[in-house]
Every structure is written in structure tokens, then in C-alpha cells.
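Asker: Have a look at this one before I ask anything.
Number of protein chains: 2
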Amino acid sequence: MTTLSAEPRNCSVARTLEIVGEKWALLALREVFLGNRRFDEMVRKTGAPRDTLTARLKTLVAAGVLERRPVSEHPPRFEYRLTQSGLDLYPVIVSLMEWGDRYLTNGSAPPMELTHHCGHRLGAVTVCSSCGEVVLARDVRPTPLRATP
Amino acid sequence: MTTLSAEPRNCSVARTLEIVGEKWALLALREVFLGNRRFDEMVRKTGAPRDTLTARLKTLVAAGVLERRPVSEHPPRFEYRLTQSGLDLYPVIVSLMEWGDRYLTNGSAPPMELTHHCGHRLGAVTVCSSCGEVVLARDVRPTPLRATP
DNA sequence: CCAGTAAGTCGGAAATATGGACGTACACCC
DNA sequence: GGGTGTACGTCCATATTTCCGACTTACTGG
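Top to bottom, those sequences are chains A and B.
Okay, so the first sequence: first residue is -2 according to this note's numbering, each after it adds one.
Okay, so the second sequence: first residue is -2 according to this note's numbering, each after it adds one.
Dropping the structure here:
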């Protein structure tokens, strides 16, 4: 018999989405990348319900993507900071933004522009780390698995 | 007064997430990128509830990311194909996968590898289209808006 | 005729999301 | 000292979604 029913794939995409696979999680991250590290600020800038944002931030902190740290004792105030793994989610955010800029602006200018430290507007492209070529879906194939011996 | 309450940002990330900002939508896209274009196959490989997948596919088709086309009349069979805008979501998928491979494999090998047509394992990196440098969050700033006159 | 597959739809229970009010702990100002 | 405002949540009741299993339709193949 062939692998007949193929359980749900446990790939890295699925695993990653367990952590960031929800609108408010990614929008909270967007805010932190933009420098807004405080709860109320995130509520305002994302439009997320306070409860939901609380839950998402907890997940992100538990996953080690954000760190919640006190910035003042009296009054008690906190901020959420990106950890290294959090910083490494930047490509996810920018590729979402890039796509929206291309397909969802309906002719008008993108609602926000980013400037790279090279001085130019950031245009983010995904390239292959081996050959440096722009990655197109049609140029990529899943590597066949070796049979389990 | 300063822009006191700052309505939720309507940025491209938020707009994009209205379409793909949910686990099953992105996993369905992953499957299509892997070549599985059929409904039942997506159900099996993603583990999504059939209803939910139906709903997500409808959204994706409505957004023009996928196209639902008949592949047989008798019996009626359909497949979902990526449109150009759908193909351009590839960077989102690969950057999610890249991150999971880095942070969620717990020491073991990634559950799936991709091969680029250059012959090497695909390592996807996001670079600035102007200077070619790898994009790091700390090297990017939002461009200040011109004041509305 | 029976089994199987593909592509959904349906219904009802369970889980989540949402919005508004509330709580706490201050700071600022008069 | 009292009133107002901000930050960071929590709580509750309702609304919406999700989830699962069963069912439907339309065939093919034996």
C-alpha cells in the first residue's frame, strides 16, 4: 500500500503558524517592528480587542518571540521587545507588506513606506542564498525524501 | 493637539492579512505551491475542517489569489491554481518556512527541504532591491510622512 | 449492485472573538 | 484633597467561528 491517507503535513510553515498564524499576532509584531512596544499603543494602532491582544502577546512571549519587561515600577509599566527570533520574523512582515503594496493599493501610493539604511526606499525581494537569484515559485521543488530504511 | 488617538493603521500588512491572515488560508496556499491543487488533497495534507477550507478557498478565489477551474465535467472535478498575484505570495510562505526551520525544529532536520533550480537547497533570504544587502529590521525605518497641506 | 473517490454541504456543540465596563495604580493640576 | 487622565489589563455577556461527523451528489471500476 502507498502512504494512503497522508496525515496532515507537519511542516515548518504549519509550526510557525501555530505561533504567528493569526491576524492580531502579526499586526502586534508589525507594531513592535515600528517601534511601538506598549500595550495601549498596540491596541490603538492595530484595532485589536484588548482581550485578544492580551492573548496573542502571551502566546508570542511564551514562544520566545517577544519579551515582556517592566519599564517602570511606579507606576507599573511594561514594554514588549523583540528577541532575536522575533527580529528574524521581519522577512515575514515585509513580504506581507510588499505583497499588499503591489496588489492591494488600487493604483494609489502605498499607505506606508520604509527606508533602508542604504538610503533608498525598501523594496524587499527574496533571493536564494546559494545563487543570489530572485526566488520564483516555479524554480523551486520539494527535495524528494530518502526512503526510510 | 497631536494626532491623538491614531485610528488603526491601514497598512499593507493589515490589508494582506484580510486575505491570507489565517492559518488554513496559508496552509492551503502552501499545498498549492507544492502542487496539490485539489480540494480533498488539501483537506488531507493540511488537516483543515472541510467547511473551513471551503470558506478560505472562497476568500482566496474572490481575492484573485487562486482560480477555481473545472478539470473534468463528468464527474465534476475542480482544481485550484495560483494566479500571478498568488504566485507572488511565495515569499510569504518561504519566509514562514525559513523561520520555522530555524527556530522550531528543535535540533533535528527540517521536516521538508526545498531545492532551488540552481541545484542547491533553497535558503531564502530577504534583501533590499536597491543595494542587495540582507534586510535586517534595525536597518529599516518608516519614511516620515509629509504633512498634509 | 457495491465500494470508493471527489467535492462539497449541513447541523449542532464547542471554542474564540468582540466590545464595553470595570479595576488598579499611579501622575498631574488646581 | 479631588478630579481628570493614562497605562495595562481583566471580566462578562454576547456574537461569531470553528470543528467534527454525517450526509449528498455524481460519477468510476469491479
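Think of the CB as a built atom: it goes at the ideal place given N, C-alpha and C, for glycine as much as any other residue.
Computed from a predicted model, the values in this text were never measured in an experiment.
Just tell me which of 29/A, 119/A, 40/A and 125/A has its CA closest to the CA of residue 63/A.
Answerer: Counted from its first residue, the first sequence places residue 63/A at position 66. Of 29/A, 119/A, 40/A and 125/A, the residue nearest in Cα terms is 29/A.
Asker: Please state if the CB of residue 127/B and the CB of residue 117/A are separated by a distance shorter than 7 Å.
Answerer: Position 120 of the first sequence, counting from 1, holds the residue named residue 117/A. Position 130 of the second sequence, counting from 1, holds the residue named residue 127/B. Yes. Within cutoff.
Asker: Return the Cβ separation of residue 24/A and residue 49/A in integer angstroms, given the expectation that the two are a contact with Cβ distance under 8 Å.
Answerer: One-based indexing of the first sequence puts residue 24/A at position 27. One-based indexing of the first sequence puts residue 49/A at position 52. That pair is no contact at about 11 Å.
Asker: If you count every other CB in all the chains shown that lies within 10 Å of the CB of residue 92/A, and 16 or more means buried, which is it?
Answerer: Position 95 of the first sequence, counting from 1, holds the residue named residue 92/A. Classification of residue 92/A: buried, given that the 10 Å Cβ count is 16 or more.
Asker: Using a Cβ-Cβ distance under 7 Å, would residue 148/A count as near chain B?
Answerer: Residue coverage of chain A in this structure runs from -2 to 146, which leaves residue 148/A outside it and unanswerable.
Asker: Going along chain A in order, which residues have a C-beta closer than 9 Å to the C-beta of residue 30/B?
Answerer: Taking the first residue of the second sequence as position 1, residue 30/B is located at position 33. Correct list: 134 and 137.
Asker: Which residues in the same chain have their Cβ closer than 6 Å to the Cβ of residue 123/B, if we skip the five residues on either side of it in sequence?
Answerer: For the purposes of this step, residue 123/B is identified with residue 126 of the second sequence, where counting begins at 1. Cβ within range, chain order: 132.
Asker: Using a C-beta to C-beta distance shorter than 8 Å, which residues of chain B count as neighbours of residue 89/A?
Answerer: By 1-based counting over the first sequence, the position of residue 89/A is 92. Neighbours of residue 89/A on chain B, chain order: 89, 92, 93 and 96.
Asker: Less than 8 Å between C-beta atoms, sequence neighbours within five positions excluded: which residues of the same chain meet that for residue 90/B?
Answerer: As a position in the second sequence, residue 90/B is number 93, starting the count at 1. Contacts found: 23, 26, 27 and 30.
Asker: What residues from chain B crowd round residue 109/A, counting only those whose CB sits closer than 8 Å?
Answerer: Residue mapping note: residue 109/A aligns to position 112 of the first sequence, counting from 1. The answer, in chain order, is 6, 8, 9, 139 and 140.
Asker: Since residue 111/B contacts residue 9/A with CB under 8 Å, what's their CB separation in whole angstroms?
Answerer: Along the second sequence, one-based indexing puts residue 111/B at 114. Along the first sequence, one-based indexing puts residue 9/A at 12. Wrong, their Cβ atoms sit about 10 Å apart, outside the cutoff.
Asker: Which bits of chain A does residue 20/B rub up against, with CB to CB less than 9 Å?
Answerer: Position 23 of the second sequence, counting from 1, holds the residue named residue 20/B. Simply 11, 14, 15, 18 and 19.
Asker: Does the Cβ-Cβ distance between residue 169/B and residue 18/A come in under 7 Å?
Answerer: Outside the displayed span of chain B (-2 to 146) sits residue 169/B, for which this structure offers no information.
Asker: Since I believe residue 12/B is in contact with residue 97/A (beta carbons under 8 Å), could you give me their beta-carbon distance rounded to a whole number of angstroms?
Answerer: Position 100 of the first sequence, counting from 1, holds the residue named residue 97/A. Position 15 of the second sequence, counting from 1, holds the residue named residue 12/B. Residue 97/A to residue 12/B, Cβ: 5 Å. Contact.
Asker: Spell out a yes or no on whether the segment 73 to 82 of chain B and the segment 34 to 42 of chain B are touching, meaning 3 or more CB-CB pairs, one atom from each, closer than 8 Å.
Answerer: The segment 73 to 82 of chain B, when compared against the segment 34 to 42 of chain B, does touch it at the 8 Å Cβ threshold.
Asker: What are the start and end residues of each continuous alpha helix (DSSP H) run of 4 or more residues lying completely inside the segment 69 to 134 of chain A, in chain order?
Answerer: Qualifying alpha helix (DSSP H) stretches, in chain order: 81 to 84 and 87 to 100.
Asker: Just checking my contact of residue 58/A with residue 47/A at CB under 8 Å: how many whole Å lie between their CB atoms?
Answerer: Within the first sequence, residue 58/A is the residue found at index 61, counting from 1. Within the first sequence, residue 47/A is the residue found at index 50, counting from 1. About 16 Å; that fails the 8 Å criterion.
Asker: So what does DSSP say about residue 47/A, is it helix, strand or coil?
Answerer: Your numbering for residue 47/A matches position 50 in the first sequence. Residue state, collapsed to three classes: helix.
Asker: If contact means a Cβ-Cβ distance below 7 Å, which residues of the segment 34 to 46 of chain B contact chain A?
Answerer: Here the close residues are 41, 42, 43 and 44.
Asker: Within this structure, are the beta carbons of residue 84/A and residue 121/B separated by less than 7 Å?
Answerer: The residue you call residue 84/A lines up with position 87 of the first sequence. The residue you call residue 121/B lines up with position 124 of the second sequence. In this structure, residue 121/B does not lie closer than 7 Å to residue 84/A by Cβ.
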